[in-house]
Amino acid sequence: MTEQAVDPDGAELSAHPAPKDRFLGRVRELKELRADIERAGLDTLSGRKAPRARVLLIAGRPGSGRTSLAEELVRRVAGRYPGGVLRARLSEPDGTPVPVERAARALLEALELPAPAGAAEDDLAAALRAALAGRRAVLLLDDAAGADQVDALLPEAPDCLVVAVSRGPLTGIADVRPCTLGGLDTKSAVDLLTGYAGAVRVTVDPRAAESLVEACQGHPAALVLAGGWLAARPKATVSDLAKRLHASAEDGTEGTEASPLSRVFRLVHDQLPGPAARLLRLLCLAPAGLADPHTASALAGCSVDAARATLDDLTALGLLRAVDSPLPQYEVPGRLHPLLRALAEIQERPAELQLARARMLERTVRLLQSCRAITETDSPQAREKLNGMPPALRFPNPRAAADWLRIRRPALLASVRLAVADGELDTLARRLMSQLVRALAAHVGTQAAAADLYGVHSLVLDVAERRGLPREKAAALLNLGDLDAQTGRTREALARYRAALDAGREANDPYATGRAMESVGGAHQELGDHDRAADWFGRALAERLARGEVPEAARLYGRIATAHTYAGRYGEALRNWRAALAGYRRSGDIAASARALSEIARVQEYAGRPEESLRTCQEAVEWARRAEDARLQAAVQLRLADTLDRLGDPAAARLHRAAAERMLAEERPEDEARPEHDPNACEIRTASSED
Numbered sequence: 005m006t007e008q009a010v011d012p013d014g015a016e017l018s019a020h021p022a023p024k025d026r027f028l029g030r031v032r033e034l035k036e037l038r039a040d041i042e043r044a045g046l047d048t049l050s051g052r053k054a055p056r057a058r059v060l061l062i063a064g065r066p067g068s069g070r071t072s073l074a075e076e077l078v079r080r081v082a083g084r085y086p087g088g089v090l091r092a093r094l095s096e097p098d099g100t101p102v103p104v105e106r107a108a109r110a111l112l113e114a115l116e117l118p119a120p121a122g123a124a125e126d127d128l129a130a131a132l133r134a135a136l137a138g139r140r141a142v143l144l145l146d147d148a149a150g151a152d153q154v155d156a157l158l159p160e161a162p163d164c165l166v167v168a169v170s171r172g173p174l175t176g177i178a179d180v181r182p183c184t185l186g187g188l189d190t191k192s193a194v195d196l197l198t199g200y201a202g203a204v205r206v207t208v209d210p211r212a213a214e215s216l217v218e219a220c221q222g223h224p225a226a227l228v229l230a231g232g233w234l235a236a237r238p239k240a241t242v243s244d245l246a247k248r249l250h251a252s253a254e255d256g257t258e259g260t261e262a263s264p265l266s267r268v269f270r271l272v273h274d275q276l277p278g279p280a281a282r283l284l285r286l287l288c289l290a291p292a293g294l295a296d297p298h299t300a301s302a303l304a305g306c307s308v309d310a311a312r313a314t315l316d317d318l319t320a321l322g323l324l325r326a327v328d329s330p331l332p333q334y335e336v337p338g339r340l341h342p343l344l345r346a347l348a349e350i351q352e353r354p355a356e357l358q359l360a361r362a363r364m365l366e367r368t369v370r371l372l373q374s375c376r377a378i379t380e381t382d383s384p385q386a387r388e389k390l391n392g393m394p395p396a397l398r399f400p401n402p403r404a405a406a407d408w409l410r411i412r413r414p415a416l417l418a419s420v421r422l423a424v425a426d427g428e429l430d431t432l433a434r435r436l437m438s439q440l441v442r443a444l445a446a447h448v449g450t451q452a453a454a455a456d457l458y459g460v461h462s463l464v465l466d467v468a469e470r471r472g473l474p475r476e477k478a479a480a481l482l483n484l485g486d487l488d489a490q491t492g493r494t495r496e497a498l499a500r501y502r503a504a505l506d507a508g509r510e511a512n513d514p515y516a517t518g519r520a521m522e523s524v525g526g527a528h529q530e531l532g533d534h535d536r537a538a539d540w541f542g543r544a545l546a547e548r549l550a551r552g553e554v555p556e557a558a559r560l561y562g563r564i565a566t567a568h569t570y571a572g573r574y575g576e577a578l579r580n581w582r583a584a585l586a587g588y589r590r591s592g593d594i595a596a597s598a599r600a601l602s603e604i605a606r607v608q609e610y611a612g613r614p615e616e617s618l619r620t621c622q623e624a625v626e627w628a629r630r631a632e633d634a635r636l637q638a639a640v641q642l643r644l645a646d647t648l649d650r651l652g653d654p655a656a657a658r659l660h661r662a663a664a665e666r667m668l669a670e671e672r673p674e675d676e677a678r679p680e681h682d683p684n685a686c687e688i689r690t691a692s693s694e695d
């Protein structure tokens, strides 16, 4: 649909601009809601101070205008709440309740407050209540699935206001009177139609306009679709559409229980060109109800340009909403999601729906690969891989890739949930999760993205436990343990690592087993138990030695030496550092050899052998020069300067410090130009090794 398309009924599906949104009607409801804010609550009447925020409930069917009314109310009263307006959606487009943990985390992020990765739901809700204590703010909780969700997020602050939107009453929340919505009044409904169809057609036949409003029962969402249908057909009269809707209601083609919205929707859908109708149906698969041209292109199997043109046309008809975003993005209204899903199940074969879903997830994997690869252009292999991608999948620069990742983040996380929704960890799901983890680490950093990464690895763990997959369980536990350790929850990390060790042994996975042993040792060291740390590092070392992994064994000798150093056992520390040095030399790692010599010098100094320390430092300087690593040379020079100071040679110490400062000054401009890299980035270890 790159050009204007005309359907058999005379509809011109070029992008007609929808009328500017403006609020219509609901005067009585707004008056009652504003009066409810001032109404004395039961606590006040009984002489007690209200312990929690005032809650207003707007109830109605999806598409009744309940969210628009809530937004209008909040707009009108926002000036009285200097603490600001916070918004959270409590249901997915398909009706699945959003976990309280995710909603609380989103609200804390809006307040720019820390929300530790992996924190429990109760802890996050408590942190939110603490943040709102003493604050005069408004919370708009849209599409609440039940009272438990709202109750968990209620601020314990009587000066706050909570506006909840729900399908029906929220039984269990005290002192709440629902404002239940019906249809719009006739005048407001006609005004809404006029905004789409134009004043002329409504003015020349006002009775037909009122008849159309009656056929739609004043339902705002049905009226928007009816207006979009008329806007796309300049030659059609209002009475034409009114007669069609009345006829469909009378002949029962939509069923006796069909709502006005479903009747208008079916009429609009059936008169769309075939490709546009099919794309619309397939959008029920869009993660989080959010689609961009790439998502639509992959679902329908068409070009990105054609997909965007169709998305714009569907938006003009009121079938989609354009998201206010720097990138083109569209939202499938929640009220239409069940209708789209029902049509897709009827008109599309299950195999075709499965294929469309796989195409969409595969496109997401490719975009994530491109998003990460743009940060690795100093690697010839990454450049070659990036150049081999289709132009439509490439990002022009790292900033554009980072912006895409930030804007599409909710949909990307929803894609991961969709990929494992059937309880499987197939190759596509593993690749998707692996690429998302890598892209987040490349652009955001592991610590900044810890909450998102925690969610991804928790999904893997949940599926692995349900499906009895010990290898995947071990990998997920290791990743979660790493995130716990990075956020200071060392004891929780230790428990994860021990569970990962059990799962690794069950899977007979030597990598997971050795990695878990080393991580257990690291957690004990962080907790100050250096004896246990050395013991666990030793167990991991035995695994590496048995497999002949010399570099990894050398690294573990160094970790054992560090534990002994902390414990004051300098003889043991020196023996292990020398073993590490021998391993690094055997594997040809010059830089690691220089670092090992520097650590040996440090331990010799602690042991009261400054002359030996000086000689070892001088040897380390020579190895650092051979490594051609300016930062390493500077570090070793500073170590040598400290040793010379202790030996009473300040002049020589000053010379070495000056040399170190020159090296760092020469290195700094290059470092500032180099993109940031997070060495602690973790990834899905169960994923395919292919990018």
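Take any residue in the sequence shown, count from 1 to its spot, add 4: that is its number in the numbering used here. Heads up, the beta-carbon is just placed ideally off N, CA and C, and yes, glycines get one too. In this text, all values refer to a predicted model and were calculated from it rather than measured experimentally.
Terminal residues of the beta strand (DSSP E) in which residue i lies
| i | result |
| --- | --- |
| Pro182 | Pro182 to Thr184 |
Straight-line gap, residue i to residue j (C-alpha atoms, nearest Å)
| i | j | result |
| --- | --- | --- |
| Arg109 | Glu349 | 34 Å |
| Thr184 | Arg211 | 28 Å |
| Glu33 | Leu60 | 12 Å |
| Leu324 | Pro337 | 6 Å |
| Gln358 | Asp426 | 12 Å |
| Ile411 | Ala114 | 15 Å |
| Arg434 | Asn391 | 24 Å |
| Val89 | Pro402 | 33 Å |
| Ala520 | Pro118 | 29 Å |
| Ser263 | Leu158 | 34 Å |
| Tyr610 | Tyr574 | 8 Å |
| Ala168 | Arg30 | 17 Å |
| Thr319 | Ala280 | 12 Å |
| Val104 | Ala129 | 8 Å |
| Gly587 | Glu616 | 21 Å |
| Ala504 | Leu371 | 31 Å |
| Leu465 | Leu484 | 9 Å |
| Ala304 | Ala310 | 10 Å |
Bounding residues of the alpha helix (DSSP H) (the contiguous stretch that carries residue i)
| i | result |
| --- | --- |
| Arg629 | Pro614 to Ala631 |
| Leu642 | Ala634 to Arg650 |
| His696 | Here the chain comprises residues numbered 5 to 695, so residue 696 is not present and cannot be evaluated. |
| Phe541 | His534 to Ala550 |
| Ile350 | His341 to Gln351 |
| Glu716 | Nothing about residue 716 can be read from this structure; the chain reaches only from 5 to 695. |
| Asp708 | No answer is possible for residue 708: it lies beyond the span of the chain, which begins at 5 and ends at 695. |
| Ala131 | Glu125 to Leu136 |
| His204 | Sequence check: residue 204 is Val here, not His. Where Val204 is concerned, the enclosing alpha helix (DSSP H) stretches over Ala203 to Val208. |
| Ala433 | Thr431 to His447 |
| Glu33 | Val31 to Glu42 |
Integer Cβ distance of residue i from residue j, believed to fall under 8 Å
| i | j | result |
| --- | --- | --- |
| Arg140 | Asp126 | Their Cβ separation, rounded to whole angstroms, is 25 Å, which puts Arg140 and Asp126 out of contact at 8 Å. |
| Val154 | Leu174 | 6 Å |
| Ala220 | Val268 | Sequence check: residue 220 is Cys here, not Ala. With a Cβ gap of about 6 Å, Cys220 and Val268 count as contacting. |
| Ala295 | Leu321 | Not a contact, Cβ separation roughly 15 Å. |
| Gly293 | Pro97 | 3 Å |
| Leu4 | Val369 | As displayed, the chain neither begins before 5 nor continues past 695, which places residue 4 out of reach and without an answer. |
Nonlocal neighbours in the same chain, by C-beta distance under 6 Å from residue i, ignoring five residues either side
| i | result |
| --- | --- |
| Arg696 | The structure shown does not extend to residue 696, since the chain is modelled only from 5 to 695, so the question has no answer here. |
| Ala156 | Val104 and Ala129 |
| Ala405 | Cys375, Ile378 and Phe399 |
| His660 | Gln641, Leu644 and Ala645 |
Bridge partners - residue i, DSSP secondary structure assignment
| i | result |
| --- | --- |
| Arg325 | Glu335 |
| Ile62 | Val169 and Cys183 |
| Val89 | Val142 |
| Ser243 | Note: Ser243 sits in no beta bridge, so no partner. |
| Ala295 | Tyr334 |
| Pro101 | Ser95 |
| Ala148 | Ser170 |
7 Å CB neighbourhood of residue i in its chain, flanking five on each side removed
| i | result |
| --- | --- |
| Leu245 | Leu216, Ala230, Trp233 and Leu234 |
| Leu77 | Leu34, Leu37 and Val167 |
| Arg590 | Val554 |
| Val206 | Val194, Leu197, Thr198, Ala213 and Val242 |
Close beta carbons around residue i, own chain, < 8 Å, minus the five adjacent residues each side
| i | result |
| --- | --- |
| Arg643 | Ser602, Ala605, Arg606, Cys621 and Ala624 |
| Glu214 | Thr190 and Val194 |
| Ala131 | Ala108, Leu112, Leu117, Ala119 and Ala123 |
Within-8 Å CB hit, residue i to chain C
| i | result |
| --- | --- |
| Val448 | Chain labels in this structure do not include chain C; a single protein chain is all it has. |
Cβ-heavy atom distance, residue i to the ligand ATP, below 7 Å
| i | result |
| --- | --- |
| Gly67 | You won't find the ligand ATP in this model; it holds no ligand whatsoever. |
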